[in-house]
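Engineer:
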Amino acid sequence: MAAARRELRARPYNEKIKPARQGWKGARGRGGLGLSTTEVMTTMVDLFSAQIFKWGVVHCDPHPGNIFIRRLPSGRAELVLIDHGLYVYMSPTFRRQYSAFWKALMTFDNGTIARVTSEWGIRGADFFASATLLRPYEGGDNSLRDSIRKDLEGKTPAERHYAMQQLMKQSLRDMLADEDKWPKELVFIGRNMRIVQGNNQYLGSPVNRVKMMGEWASRSLFQDKNLPVTQRMTNAWRHLLFKAVMFGTDVAFYFFKLRQWLGLGGGMEDEMERRMRGVAQDYGIELQHDVFEG
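This is the structure we're talking about:
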């Protein structure tokens with residue numbers, strides 16, 4: 001051993017005394033466990049979507065330090081979730097409301113969005129929709145954003161800064177119009193989704209997270225055995241229509257994957273972050289950190 005150490009100090013690049021590359025870098029020479037990031041993120045998004053939309057028991061701290069990834073003898077990836085100290089429990093009524101709200105976000109069903117947010121005591125549905133999706137909501141009337149732009153025209157930077165402070169305070173008051181109705185669980189569910197989005201972005205956006213969550217929300221509405229049979233059948237038919245509508249998100253996802261593969265830009269989550277920065281600037285907010293940094 002001492003001779004090997006002396007040899008390494010004298011000739012650190014001598015390949016003969018180093019372990020074979022395939023022994024520690026794997027068959028593809030990348031190192032790690034040789035697992036598919038797509039498989040890992042699919043398991044992760046499916047797990048937390050099931051917690052939110054199906055079981056109503058949500059782990060609210062899924063950062064990488066609380067997740068182990070291990071390789072099974074079959075070569076498949078297994079996700080081990082630890083640190084179960086921060087959970088939120090959703091009532092059946094709130095879980096169904098949240099599922100309907102998420103499905104409405106994906107299909108631009110502004111009537112359902114307005115109804116659910118009203119039940120939660122929230123005004124400013126577009127603002128809240130963007131905060132939930134962690135991306136700009138495209139289905140609203142943009143009346144708030146247009147009003148802000150008009151109010152800020154011709155103002156100096158100092159005047160714009162002061163005006164935006166007042167507008168943001170008012171927007172938050174509107175969003176929390178009735179604090180007695182406002183579900184406190186939304187804070188913790190939002191934390192879960194933000195961290196999962198950051199995990200997906202860090203791995204290069206291997207999965208279409210928003211579409212997967214939307215499908216879980218829609219599916220849960222017809223798989224819920226506590227709903228009347230007629231309502232479940234109606235929801236099942238609507239789920240088939242929903243899956244057809246979601247084809248458009250696949251087109252966008254694979255467009256960004258191709259662009260990323262060609263080295264022309266980032267993945268879908270990177271594009272969402274860029275657009276969220278743009279929305280924040282429209283509201284007078286300058287983000288000084290990564291939007292999805294946990």
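Here the sequence shown is numbered in the UniProt record's numbering, starting from 1 and rising by one per residue. No residue lacks a Cβ here, since even glycine has one placed at the ideal position from N, Cα and C.
#1: So what does residue 295 bridge to, in DSSP terms?
#2: Just curious, the beta strand (DSSP E) that His59 is in, first and last residue?
#3: Determine the direct distance from the alpha carbon of Gly32 to that of Phe94, and round the result to whole angstroms.
#4: My understanding is that Asn208 touches Phe253, with C-beta atoms under 8 Å, so please give their C-beta distance in whole angstroms.
#5: According to DSSP, simplified to helix, strand and coil, what is Val229?
#6: Taking the alpha-carbon of Val80 as reference, which of Val40, Arg115, Tyr87 and Phe188 has the nearest alpha-carbon?
#7: For Val116, name the three-state secondary structure that DSSP assigns.
#8: Run through the DSSP bridge pairs and tell me what Val88 is partnered with.
#9: Is the Cβ-Cβ distance between Gly121 and Lys181 less than 9 Å?
#10: Could you check whether the region 185–204 touches the region 233–244, counting it as contact only if at least three pairs of C-beta atoms, one from each stretch, sit closer than 8 Å?
#11: So, under 8 Å CB-CB, Thr38 and Pro183 are touching, yes? Tell me the CB distance rounded to an integer number of Å.
#12: Compare the C-alpha of Gln51 against each of Tyr89, Arg70, Gly198 and Ser36 and name the closest.
#13: Around the Cβ of Tyr98, are there at least 16 other Cβ atoms within 10 angstroms (buried) or fewer (exposed)?
#14: If contacts are defined as beta-carbon pairs under 8 Å, then Pro92 and Asn226 qualify, I think. What distance do you get, rounded to the angstrom?
#15: Just how far apart, CA to CA, sit Arg11 and Thr43?
#16: Looking only at C-alpha atoms, which of Met106, Arg219 and Ala129 sits nearest to Lys211?
#17: Report the three-state DSSP secondary structure of Arg259 (helix, strand or coil).
#18: Roughly how many angstroms separate the alpha carbons of Asp126 and Val116, rounded to a whole number?
#19: From Asp46 to Leu72, what distance separates their C-alpha atoms?
#20: For Asn66, which residues in the same chain have their Cβ closer than 7 Å to its Cβ, ignoring the five residues on either side in sequence?
#21: Can you tell me where the alpha helix (DSSP H) with Asn200 in it begins and where it stops?
#22: Which of helix, strand or coil does DSSP assign to His63?
Structural biologist: Straight from the coordinates:
#1: Nothing about residue 295 can be read from this structure; the chain reaches only from 1 to 294.
#2: Along the sequence shown, read from residue 1 onward, the residue named residue 59 stands at position 59. Where His59 is concerned, the enclosing beta strand (DSSP E) stretches over Val57 to His59.
#3: In the sequence shown, counting from the first residue as 1, residue 94 sits at position 94. In the sequence shown, counting from the first residue as 1, residue 32 sits at position 32. Taking the straight line from one Cα to the other gives about 41 Å.
#4: Within the sequence shown, residue 208 is the residue found at index 208, counting from 1. Within the sequence shown, residue 253 is the residue found at index 253, counting from 1. That pair is a contact at about 4 Å.
#5: Within the sequence shown, residue 229 is the residue found at index 229, counting from 1. Residue state, collapsed to three classes: helix.
#6: Along the sequence shown, one-based indexing puts residue 80 at 80. When each option's Cα is compared against that of Val80, the closest is Val40.
#7: By one-based count along the sequence shown, residue 116 stands at place 116. Reduced to three states, the DSSP call for Val116 is helix.
#8: Here residue 88 refers to the residue found at position 88 of the sequence shown. Partner(s): Val58.
#9: For the purposes of this step, residue 121 is identified with residue 121 of the sequence shown, where counting begins at 1. For the purposes of this step, residue 181 is identified with residue 181 of the sequence shown, where counting begins at 1. Between Gly121 and Lys181, the gap from beta carbon to beta carbon is short of 9 Å.
#10: No, they do not touch.
#11: Position 38 of the sequence shown, counted from the first residue, corresponds to residue 38. Position 183 of the sequence shown, counted from the first residue, corresponds to residue 183. So it is not a contact: roughly 33 Å between Cβ atoms.
#12: What you label residue 51 is simply residue 51 of the sequence shown in a count that begins at 1. Per the Cα distances, Tyr89.
#13: In the sequence shown, the residue the question calls residue 98 occupies position 98. With 16 or more Cβ atoms within 10 Å of its Cβ, Tyr98 is classed as buried.
#14: Position 92 of the sequence shown, counted from the start, is the residue given in the question as residue 92. Position 226 of the sequence shown, counted from the start, is the residue given in the question as residue 226. The Cβ separation is near 6 Å, so the contact holds.
#15: On the sequence shown, residue 11 is found 11 positions in, with the first residue counted as 1. On the sequence shown, residue 43 is found 43 positions in, with the first residue counted as 1. Cα to Cα, the separation comes out at about 45 Å.
#16: Counted from its first residue, the sequence shown places residue 211 at position 211. That would be Met106, whose Cα lies nearest to the Cα of Lys211.
#17: Here residue 259 is taken as the residue at index 259 of the sequence shown, counted from 1. Correct three-state label for Arg259: helix.
#18: Within the sequence shown, the letter at position 126 stands for residue 126. Within the sequence shown, the letter at position 116 stands for residue 116. When rounded, the separation of the alpha-carbon atoms in Asp126 and Val116 is 13 Å.
#19: Within the sequence shown, numbered from 1, the residue matching residue 46 stands at position 46. Within the sequence shown, numbered from 1, the residue matching residue 72 stands at position 72. Asp46 and Leu72: Cα-Cα distance of roughly 19 Å.
#20: The count along the sequence shown starts at 1 and reaches residue 66 at position 66. Around Asn66: Leu81, Ile82 and Asp83.
#21: Your numbering for residue 200 matches position 200 in the sequence shown. Unbroken alpha helix (DSSP H) run through Asn200: Glu185 to Tyr202.
#22: Within the sequence shown, the letter at position 63 stands for residue 63. The answer is coil: DSSP assigns His63 none of H, G, I, E or B.
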